[in-house]
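Protein chains in written order, with the working numbering: chain A, 33 to 165; chain B, 33 to 165; chain C, 33 to 165; chain D, 33 to 165. Ideal Cβ placement from N, Cα and C applies to all residues, glycine included. Computed from a predicted model, the values in this text were never measured in an experiment. One structure is given here, and the rest of the page talks about it.
Number of protein chains: 4
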Amino acid sequence: MSYARQMLDTYPRTLNVDADMLAATIDALSDCAQACIADTDADLSEDNLAEMVKCIRLCLNCTDICTATAGILSRLAEYDADATRPLLEACAATCKSCGDECEQHAHMPHCRICADACRRCERACRDLLGALK
Amino acid sequence: MSYARQMLDTYPRTLNVDADMLAATIDALSDCAQACIADTDADLSEDNLAEMVKCIRLCLNCTDICTATAGILSRLAEYDADATRPLLEACAATCKSCGDECEQHAHMPHCRICADACRRCERACRDLLGALK
Amino acid sequence: MSYARQMLDTYPRTLNVDADMLAATIDALSDCAQACIADTDADLSEDNLAEMVKCIRLCLNCTDICTATAGILSRLAEYDADATRPLLEACAATCKSCGDECEQHAHMPHCRICADACRRCERACRDLLGALK
Amino acid sequence: MSYARQMLDTYPRTLNVDADMLAATIDALSDCAQACIADTDADLSEDNLAEMVKCIRLCLNCTDICTATAGILSRLAEYDADATRPLLEACAATCKSCGDECEQHAHMPHCRICADACRRCERACRDLLGALK
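And the structure:
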């Protein structure tokens, strides 16, 4: 069981969102942030650097927004739909762009794995968006 | 002149947004992140802690989103309206909530200053939103 | 298999450190950062807030340093002992302080789990320090 | 006056370090983080990408450690020499490596400015190290 899930299970107050779905989203965000950090570095180790530039930039953006979203989703008591909904939309859109770009280089195993992390994270953000009132 | 501005002035490619406005937004985001980090710590030093809890949580959220937004706005070449617009909206909404809450404690100088940083940042995000096509 | 591990396995260059140990450290750092983010929020939901203040501050510090260390350890090609060794020492010391404090509140399940994440992370940082030349 | 300085001036407790020096260090860390974020993106816009790879990696490391150090220095009440001293040493060493590399490309204005931010930040970290007991 992930630490995100263990921590949700011991939260001293009642959650107003499904704990399974929330923990899965936080885990997908952490995984995606880590995959994008590592993919940036792997991209920089490739020979055809000019082709990797777009991928590097999108991975950097994706790292930043996934890290922030994971933090904000972990602070449940001040949940504010006005801020959380557009943040999840921005995060899903960033994961989509980054996943699309990584998929263009899916012959490189690091980009294939990163694309997979981005796809899972995009889906998790959209599922949570659907569940949030 | 801020480093954000100096760096924009030496960017090797043409920007598709006004450099003054972009630099002012990045500076407002950095200022707001720093004010919120410091305000969290100052709030924790107050005696009436129970009244500060909401302020602390909103400051933590505001730090996370301002830091991410500053990073993403600094990566100009892969600007993507689908992701940048909702991120700026989420950031402005978070700054508004945090500024409103800090203003409730404006008799504490640290919350007054933090409210001011949040207001300036909210305005900068909205100005940039208005300017982005 | 974690994304940190999957990404290391596809790194385009040769690593000069054991991939199992490095992946385990990056995972422990991500877990600890997430546990500390969530513990900060859980602490803020407790009634005896005055007793939780030290724990909150140490969790915030631990989140910051674990996140930075995970990022830097994921960029292997420019590994620089002058910077990495003191960073791992600082990270291990921060995890120790935070774990000690969380253990004081081990009757609260969220602090018990966070203490566990801090202990594992401290050990992982020290193991990696021992392995790095 | 920077927000870091304004916030220090309103801190509800007594600081055990000189407020001018601390505010100057936090400002230098924020400036350096921002310069490194922007320099990463500017480097990625250059034609001779292969020569910029080391600079990009060091800028990413420098961003991560400066951001974390600014956060931790802003939380004064739980100041812990065992963690703060090696963190400042790691940060100064990272700023030095990054500044040295940026200086190699000082004919590019963005690297010249980033080198300057790294030098100032390294000095500020070393000054604070000297002042901390």
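Using a Cβ-Cβ distance under 9 Å, would residue i count as near chain D?
{"i": "Leu-92/A", "result": "yes"}
{"i": "Arg-155/C", "result": "no"}
{"i": "Ala-168/A", "result": "For chain A, the structure presents residues 33 to 165; residue 168/A sits outside this window and is missing."}
{"i": "Ala-122/C", "result": "yes"}
{"i": "Ser-129/B", "result": "no"}
{"i": "Asp-112/C", "result": "yes"}
By the 10 Å Cβ neighbour count, where 16 or more other Cβ atoms means buried, how is residue i classified, buried or exposed?
{"i": "Glu-154/B", "result": "buried"}
{"i": "Gln-66/C", "result": "buried"}
{"i": "Cys-124/C", "result": "Here residue 124/C turns out to be Ala, not Cys, going by the sequence shown. Per the 10 Å Cβ criterion, buried."}
{"i": "His-139/C", "result": "exposed"}
{"i": "Pro-45/B", "result": "Residue identity differs from the one stated: residue 45/B is Arg in this sequence, not Pro. Result: exposed."}
{"i": "Glu-83/C", "result": "exposed"}
{"i": "Leu-47/A", "result": "exposed"}
{"i": "Asn-93/A", "result": "buried"}
{"i": "Met-33/B", "result": "exposed"}
{"i": "Asp-41/A", "result": "exposed"}
{"i": "Ala-113/B", "result": "exposed"}
{"i": "Gly-103/C", "result": "buried"}
{"i": "Ala-122/C", "result": "buried"}
{"i": "Asp-50/C", "result": "exposed"}
{"i": "Asp-52/C", "result": "exposed"}
{"i": "Ala-19/A", "result": "Nothing can be reported for residue 19/A: it is not among the residues displayed for chain A, which extend from 33 to 165."}
Taking Cβ to Cβ, would you say residue i is nearer than 9 Å to residue j?
{"i": "Ala-74/D", "j": "Tyr-43/B", "result": "yes"}
{"i": "Cys-157/C", "j": "Cys-130/C", "result": "no"}
{"i": "His-137/C", "j": "Cys-98/C", "result": "no"}
{"i": "Asp-59/C", "j": "Arg-37/C", "result": "yes"}
{"i": "Ser-77/B", "j": "Ala-109/D", "result": "yes"}
{"i": "Asp-79/B", "j": "His-142/B", "result": "no"}
{"i": "Thr-101/C", "j": "Leu-120/C", "result": "yes"}
{"i": "Asp-148/C", "j": "Ala-56/C", "result": "no"}
{"i": "Leu-161/A", "j": "Arg-117/A", "result": "yes"}
{"i": "Cys-146/D", "j": "Met-39/B", "result": "yes"}
Could you tell me whether the Cβ of residue i comes closer than 9 Å to any Cβ of chain B?
{"i": "Glu-101/D", "result": "According to the sequence displayed, residue 101/D carries Thr and not Glu. False, the Cβ-Cβ gap to chain B never drops below 9 Å."}
{"i": "Ile-97/C", "result": "no"}
{"i": "Leu-40/C", "result": "no"}
{"i": "Leu-108/D", "result": "yes"}
{"i": "Arg-151/A", "result": "no"}
{"i": "Ile-88/C", "result": "yes"}
{"i": "Leu-164/D", "result": "no"}
{"i": "Ala-125/A", "result": "yes"}
{"i": "Ala-138/D", "result": "no"}
{"i": "Asp-59/A", "result": "no"}
{"i": "Cys-146/D", "result": "yes"}
{"i": "Ala-36/D", "result": "yes"}
Using a beta-carbon distance below 9 Å, is residue i in contact with chain C?
{"i": "Ile-104/B", "result": "no"}
{"i": "Ser-62/D", "result": "no"}
{"i": "Val-49/B", "result": "no"}
{"i": "Ala-67/B", "result": "no"}
{"i": "Thr-116/D", "result": "yes"}
{"i": "Leu-76/B", "result": "yes"}
Give a yes or no on whether 9 Å exceeds the smallest Cβ distance from residue i to chain A.
{"i": "Thr-72/D", "result": "yes"}
{"i": "Leu-119/C", "result": "no"}
{"i": "Leu-161/D", "result": "no"}
Note down, in chain order, every chain F residue with its Cβ under 8 Å from the Cβ of residue i.
{"i": "His-142/B", "result": "Reference to chain F is not applicable here, since the protein chains of this structure are A, B, C and D."}
Within the stretch 56-93 of chain B, ranges of the alpha helix (DSSP H) (whole runs, at least 4 residues): Along the length of the stretch 56-93 of chain B, whole alpha helix (DSSP H) runs at least 4 residues long do not occur.
**Asked** Whole alpha helix (DSSP H) runs in the stretch 111-147 of chain B with 4 or more residues, listed along the chain?
**Response** Unbroken alpha helix (DSSP H) stretches of 4 residues or longer found wholly inside the stretch 111-147 of chain B: 113-136, given in chain order.
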